[in-house]
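Visitor: First, the structure itself, so that you have it in front of you.
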Amino acid sequence: MRQQHNLNLNWHFKDDFQPEYINRTDFSDFESVHLPHTVREIPYDCFDQTMTCMVSTYARRFGLGDISGKRIVVSFEGVSAYYILYVNGARVAEHRGAFSSARFDITDAVRKGENTLVLMVDSNERDDIPPNGSTVDFLIYGGIYRDVTLFLLEECYIENAMFRYELNADDTALAFPELKLCNHNGGFGGELEVVIKKDGETFYEYAAQIVVPSGDTSVSLEPHTLSAVERWDVDAPHLYDVSLTLRRDGAAIDRHETRVGFRTVDVNETGFYLNGKKRKLIGANRHQSYPYVGFAMGRRAQRKDADILKHELGLNSVRCSHYMQSRYFLERCDELGLLVFEEVPGWGYIGGDMFKKVVLQDLANMVTTHFDHASIVIWGTRLNETGDDDALYERTNALCKRLDPSRPTTGVRWAQFSNLIEDIYSYNDYAEPSRGEFMLLEQQTVTGLAKKVPYIVSEYVGPTLPTKPWDSEERNEEYAIRHARALSKIMTSADYLGGYAWCMFDYNTHNDHNAAEKICYHGLLDMFRIPKFAAFTYASQKDPESGAVLEPCSNVGRGERNEPVPFYVLTNCDYIDVTLSSDETRRYFPSGKFPGLKHAPIEVTDNGEFWQNRWRGATIVGYVNGKPAAKRIYSDNPRLDKIAARADDAELRCDIVEETRVVCYFIDENKNRLLFHSGAVVVKTEGDIELIGPKIIPVRGGAAAFWVKTKPSGNRGKARVQVFSDRADLDAATVEIELV
Ligand code: GAL
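Take a look at the structure:
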């Protein structure tokens, strides 16, 4: 039976490469690091964009017991961007691609006792590796930024499996899993035991006969009907744990485990259908980057992003722009019922033969390794915003369809009148500024086709008004309202299967896209996932039963604008009562300008106050079903009262590296975030955790946030994070984290 060992801890790293490293066993002059790792931490902004472009070396020593009759396989889930793997001095493999996973059988190079893996990692922006080649609007950083696992396997093992099925109308499922097998022994007739569990209880099991030829092959099991399943859906994402055990002469020789959800996905020109029910896809684009460390963030941070999309922003979908993302993110999407559109890596450029070879390899890797994620409902088979290359895109689409006929395909375009090869025409629509309230083009204006086709607005708004959280109220408000206008158009027009806001959060980029700071401020959230007003355009669409949302696009007072009104309030309340200073209380209802929104922004328009009167503060009360559901109070003399600090996780494991985010809001005595407070904090940690990024952090947009990670010493106990402000009148904030 297989054994598997996570190899994330105890690597040796050097920011150069010398041929003599290949044969070394002593790396005492290297830096000791754990994974996920970035070749170099970058500052928040205004850095040299080539900082992570380098050739570097990673080394890992590991011991093996008696391995006779075993196969030894090592898997790399993500290394940016090219690497050569040496084992005990022998070159065993190379890999191109910053986002694809790879497994290598290293049996012939290892031995009983101590062994050494050495990776030469090239993180230069080589134009034989997508998305490089043009002015890419994000960074691809560098290093071993996802997990590494060592497998000890029998001579015959399951390399991968895709749990294929068809759902019947009565909810029974016809299962026909396909296994990729590696058999270094002679062929044999065996048995495959399929055990399907739900919440730990066996739901269904059966055994199938299987003929295992010698060599590397794919074998599909005979279709078998399972009893009626509970479907995976947005609101009830039922998941099943599947184990596939390969038996030879009755003895179990390998087991592959996976998790699946049963659902149907269909698209046509009338809509996107999940389990036969029409749904608008309302989502945001997500990059996988974080401040300072780029892609090198682990399981908890990846999962948290999915939670933010579903629970904080209230979205039902996400586009993984513009590449395959962490399995931890996708696993959480499976658990949450968040619908995923995942696409092959690319950005505005199609390179030469080697580049195209990598495109096909990336695509096959994406579909075969992410196949079982119920959350994935659309594959993107074009490189984002490239021109028509029918020869290439007919191949990518055909390959995708051959590997997975069950999901629709698409490809994201910036060009109108592009050839539609896939099932869905996707278009990044930034036509807004000239079209005002009629933003987003009608689909046939874009496609130029005589008839309607399935069509998605794959990006909108972001770059039309890059907005920093500390930009003026009016700019932040206009940014939020553009999102509301786009959302309204998406909701009301039958032209669109759905839309994806550009984008979930701000991200570091190349000088071609923001020469000064190297940050695209296109997010609904900032880089630390702190909401701008625009986040509440989406959050306010949530059902008030899940919590009332009441976010004025204003600090509600005098001075930031010429007049305190008008301003919008983003809310899921039915109406609001507003009292500004000594003016009468006025009642406002959702604006009629945003048809299709469940909860349109409410515009506060009147203020009977004379400007020379004393400002007496303000109150806004939101009502749901006639009852007060949320209240915001604005004082006549607001002052910085407190650092409200919170960690995303109360517990972290002490034996592995786990990270959590700490968010500090700078709030007044009424708990309002002071968006324009300028200050700085110093972060100190106690116990076996460490800070990611700098210790001195400016307060941006009324917040300071950072991630901490465990060391991982194996010591249980409390760790403490303290946040000291530069303001003498403010107490330090303390957050405690339990190390378990
Ligand atoms: C699009 C592109 C995105 C992002 C966006 C905002 O053209 O697909 O990756 O760059 O523009 O600038």
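At position 500 of the sequence shown (counting the first as 1) the number is 768 in the working numbering, and the numbers step up by one without a gap.
For each residue, glycine too, the CB sits at the ideal point set by N, CA and C.
This structure is a prediction, so every number in the text was calculated from the model and none was measured.
Determine the extent of the beta strand (DSSP E) in which GLN271 is found, giving its start and end residues.
Guide: Note, GLN271: beta strand (DSSP E), 271-274.
Visitor: Exposed or buried, SER231, counting other C-beta atoms within 10 Å across all chains shown (16 or more means buried)?
Guide: A query on residue 231 cannot be resolved here, the shown segment of the chain reaching from 269 to 1008 and no further.
Visitor: First and last residue of the beta strand (DSSP E) that includes ARG523?
Guide: 519-528 is the extent of the beta strand (DSSP E) around ARG523.
Visitor: By Cβ distance below 8 Å, which residues in the same chain neighbour ASP691 in space, the five residues on each side in sequence not counted?
Guide: Answer for ASP691: VAL535, PRO676, THR677, THR678, PRO722, listed in chain order.
Visitor: For ALA552 and chain D, any beta-carbon pair shorter than 7 Å?
Guide: No chain D is part of this structure, which consists of one protein chain only.
Visitor: Is it the case that the CB of ASP405 approaches a heavy atom of the ligand GAL more closely than 6 Å?
Guide: Result yes, Cβ under 6 Å from the ligand GAL.
Visitor: Which partner residues does MET388 have in the DSSP bridge list?
Guide: DSSP output for MET388 lists THR325, ILE352 as bridge partner(s).
Visitor: Mind checking which residues open and close the alpha helix (DSSP H) that includes SER369?
Guide: From DSSP, SER369 is part of no alpha helix (DSSP H); its letter is neither H nor E.
Visitor: Can you give the Cα-Cα distance for ALA971 and PHE639, rounded to whole angstroms?
Guide: Answer to the nearest angstrom: the Cα atoms are 39 Å apart.
Visitor: Indicate whether HIS641 and LEU598 have their beta-carbon atoms separated by less than 7 Å.
Guide: Yes, they are a contact pair.
Visitor: What three-state label does DSSP hand SER814 in the structure shown?
Guide: SER814 falls in the helix class under three-state DSSP.
Visitor: Look at VAL626 and GLY411 and say whether their C-beta atoms are less than 7 Å apart.
Guide: Not closer than 7 Å, so no.
Visitor: Given a threshold of 16 other Cβ atoms within 10 Å of its Cβ, counted over all protein chains shown, does HIS867 qualify as buried or as exposed?
Guide: Buried: at least 16 other Cβ atoms inside 10 Å.
Visitor: Decide if HIS273 is buried, meaning its Cβ has at least 16 other Cβ atoms within 10 Å, or exposed.
Guide: The residue is exposed, with fewer than 16 neighbouring Cβ atoms inside 10 Å.
Visitor: Where does ALA574 fall in DSSP's three states?
Guide: Helix at ALA574.
Visitor: Roughly how many whole angstroms lie between the Cα atoms of THR538 and VAL824?
Guide: Approximately 43 Å, taken between the alpha carbons.
Visitor: Thinking just about the alpha-carbon of each residue, which of THR928, VAL931, PHE609 is nearest to the one in TYR591?
Guide: The option with the nearest alpha carbon to TYR591 is PHE609.
Visitor: Within 6 Å: the Cβ of ASN652 and any heavy atom of the ligand GAL?
Guide: Result yes, Cβ under 6 Å from the ligand GAL.
Visitor: Our contact map puts ASN356 next to THR384 with C-beta atoms below 8 Å; I'd like the distance itself, whole angstroms only.
Guide: About 6 Å separates the two Cβ atoms, so the contact holds.
Visitor: Using 6 Å as the cut-off, classify the Cβ of GLY730 as near or not near the heavy atoms of the ligand GAL, replying yes or no.
Guide: Because some heavy atom of the ligand GAL lies under 6 Å away, the Cβ of GLY730 counts as near it: yes.
Visitor: With DSSP as the reference, identify every bridge partner of GLU382, one or two as the case may be.
Guide: DSSP, once it has assigned bridges, lists GLY331 as partnering GLU382.
Visitor: Cβ of ASP395 within 7 Å of Cβ of GLY619?
Guide: Yes, Cβ-Cβ distance for ASP395 and GLY619 is below 7 Å.
Visitor: What are the partner residues of GLY562, as DSSP defines its beta bridges?
Guide: TYR558.
Visitor: May I have the straight-line CA-CA distance separating ASN392 from PHE298, to the nearest angstrom?
Guide: Whole-angstrom Cα-Cα distance: 21 Å.
Visitor: Here's the rule I'm using: 16 or more other beta-carbon atoms within 10 Å means buried, otherwise exposed. How should ALA948 be labelled?
Guide: That one is exposed.
Visitor: Starting from CYS668, follow the alpha helix (DSSP H) in both directions and report where the run begins and ends.
Guide: 658-671 is the span of the alpha helix (DSSP H), which, as asked, contains CYS668.
Visitor: Ends of the alpha helix (DSSP H) at THR715?
Guide: Unbroken alpha helix (DSSP H) run through THR715: 711-715.
Visitor: Give a yes or no on whether the C-beta atoms belonging to SER850 and ARG797 are separated by under 7 Å.
Guide: Not closer than 7 Å, so no.
Visitor: Span of the alpha helix (DSSP H) holding ILE310?
Guide: ILE310 -> no alpha helix (DSSP H), and no H or E assigned at all.
Visitor: Just the Cα atoms here: how many angstroms apart are THR873 and THR853?
Guide: In a straight line, the C-alpha of THR873 is about 12 Å away from that of THR853.
Visitor: For the ligand GAL, any of its heavy atoms closer than 6 Å to the Cβ of TRP975?
Guide: No - the ligand GAL has no heavy atom lying nearer than 6 Å to the Cβ of TRP975.
Visitor: For the beta strand (DSSP E) containing ILE957, name the first residue and the last one.
Guide: It spans 957-960 - the beta strand (DSSP E) in which ILE957 sits, taken as one unbroken run.
Visitor: Whole angstroms is fine: what's the gap from VAL714's alpha carbon to ASP780's?
Guide: Rounded to whole angstroms, VAL714 to ASP780 spans 26 Å at the Cα level.
Visitor: Would the segment 984-1003 count as touching the segment 339-357 if we require 3 or more Cβ pairs under 8 Å?
Guide: Contact between the segment 984-1003 and the segment 339-357 is absent, because fewer than three Cβ pairs lie under 8 Å.
Visitor: With a 10 Å radius around its C-beta and 16 neighbouring C-beta atoms as the bar for buried, classify GLU745 as buried or exposed.
Guide: So GLU745 ends up on the buried side.
Visitor: I'd like to know whether the C-beta atoms of ARG328 and TRP279 end up nearer to each other than 7 Å.
Guide: For ARG328 and TRP279, yes; Cβs fall inside 7 Å.
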